[in-house]
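S.K.:
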Amino acid sequence: MKYNYQITEYCHRFLQQYIAEGDVCIDATAGKGNDTAFLRRIVGETGKVYAFDIQKDAVEATEERMKVNGYAKNVEVICDSHENMGNYVTEEVSAILFNLGYLPGGDHSIATNGKTSISAIREGMKLLQKDGIISICIYSGQDSGYEEKEMILSFLRELDSKKWLVILNQYYNRKNDPPIPAFIIRLL
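Everything in the sequence shown is counted per the numbering used here, starting at 16 for the first residue and increasing by one.
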């Protein structure tokens, strides 16, 4: 198989068009550091990546992954809610990644929710440069996943089309509530 069609890989391929060496990017949900490592590979030695997670285990896993990959120098991993990214990031950013839900292999009772995710997306939109992009991997089917999905989709539908381009994709023939990849691109 030429491509991996998992949601994160699909989003990564799409995002590569918007990120260049030297850019500043945010992994809003660090998890185990997969998206953080992806961003760091693209921004290179001259860029910067901020990674956020509320779970100490996730922060430690991401920091360890950055050390192993030799990326620790220009990656800042922050143990705080993604809602607060504006308290840490002062630069305009080219890309922000959200991988919603819970930490794979972690406590399923600790998960993103619609209210805080929308607040974080709004905060990210303030930091996004013109032609910058926000990627959101929306999962549903778990405890709060359906509610979060519906809240985010409603929020995205209402964004001003003169300022924001929203692209929504779906795995059309997959069963059991497949994830939904969504992208917000800043036009102005």
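For glycine and all other residues, C-beta sits at the position ideal for the given N, C-alpha and C. Since we're looking at a predicted model, the values are computed, not measured.
Do the CB positions of G206 and A66 come within less than 9 Å of each other?
M.R.: Outside the modelled stretch of the chain, which goes from 16 to 203, sits residue 206, for which no answer is possible.
S.K.: By the DSSP assignment, the alpha helix (DSSP H) with Y25 in it spans what residues?
M.R.: For the purposes of this step, residue 25 is taken as residue 10 along the sequence shown, with counting starting at 1. That run of the alpha helix (DSSP H) goes 22 to 30.
S.K.: Between which residues of its own chain and Q144 is the CB-CB distance below 8 Å, once the five residues before and five after are set aside?
M.R.: As a position in the sequence shown, residue 144 is number 129, starting the count at 1. Hits under 8 Å: E107, V108, S109, R201.
S.K.: So, does the region 167 to 174 touch the region 185 to 200, judging by three or more C-beta pairs under 8 Å?
M.R.: The region 167 to 174 is in contact with the region 185 to 200.
S.K.: Just to confirm the assignment, what range does the alpha helix (DSSP H) spanning R80 have?
M.R.: Along the sequence shown, read from residue 1 onward, the residue named residue 80 stands at position 65. Counting along the chain, the alpha helix (DSSP H) containing R80 begins and ends at 71 to 84.
S.K.: Beta-carbon within less than 6 Å of G59's beta-carbon, same chain only, minus the 5 sequence neighbours each way: which residues are those?
M.R.: The residue given as residue 59 occupies position 44 in the sequence shown. These residues qualify, in order along the chain: E36.
S.K.: Evaluate the contact criterion for the region 79 to 92 versus the region 47 to 59: three or more CB pairs, one atom per stretch, below 8 Å.
M.R.: With a cut-off of 8 Å, the region 47 to 59 and the region 79 to 92 count as touching, because enough Cβ pairs lie within range.
S.K.: Using the Cβ count rule (16 or more neighbours within 10 Å means buried), how would you classify R55?
M.R.: Your numbering for residue 55 matches position 40 in the sequence shown. With 16 or more Cβ atoms within 10 Å of its Cβ, R55 is classed as buried.
S.K.: How would you write the range of the alpha helix (DSSP H) that I167 sits in, first residue to last?
M.R.: Mapped onto the sequence shown, residue 167 falls at position 152. 160 to 172 is the extent of the alpha helix (DSSP H) around I167.
S.K.: With H, G and I counted as helix, E and B as strand and the rest as coil, what does DSSP make of C145?
M.R.: Reading the sequence shown from its first residue, position 130 is the one you call residue 145. The residue you asked about is not Cys; residue 145 is Lys in the sequence shown. Strand, per DSSP.
S.K.: Which of the three DSSP states is assigned to R201 in this structure?
M.R.: The count along the sequence shown starts at 1 and reaches residue 201 at position 186. If DSSP states are grouped into helix, strand and coil, R201 belongs with the strands.
S.K.: For F53, list the residues DSSP reports as bridge partners.
M.R.: As a first step, residue 53 must be located in the sequence shown, where it is residue number 38. Beta-bridge pairing links F53 to no other residue.
S.K.: Given this structure, state the Cα-to-Cα distance separating G85 from V92, to the nearest angstrom.
M.R.: For the purposes of this step, residue 85 is taken as the residue at position 70 of the sequence shown. For the purposes of this step, residue 92 is taken as the residue at position 77 of the sequence shown. Straight-line Cα distance between these residues: approximately 14 Å.
S.K.: Going by other Cβ atoms of all chains shown within 10 Å of its Cβ, with 16 needed for buried, is E173 buried or exposed?
M.R.: By one-based count along the sequence shown, residue 173 stands at place 158. With fewer than 16 other Cβ atoms within 10 Å, it is exposed.
S.K.: Answer with buried or exposed for S176, where buried requires no fewer than 16 other C-beta atoms within 10 angstroms of its C-beta.
M.R.: Numbered from its first residue, the sequence shown carries residue 176 at position 161. Exposed, by the Cβ-count rule.
S.K.: Indicate whether at least one CB of chain D lies closer than 9 Å to the CB of G116.
M.R.: Included in the structure is just one protein chain, with no chain D present.
S.K.: Identify the residues that DSSP records as bridge partners of K63: which are they?
M.R.: Position 48 of the sequence shown, counted from the start, is the residue given in the question as residue 63. In DSSP, K63 forms a bridge with V39.
S.K.: Just tell me which of I149, E75, Y187 has its CA closest to the CA of D95.
M.R.: Sequence index remark: in the sequence shown, residue 95 carries index 80 (1-based). It is E75 whose Cα lies nearest to the Cα of D95.
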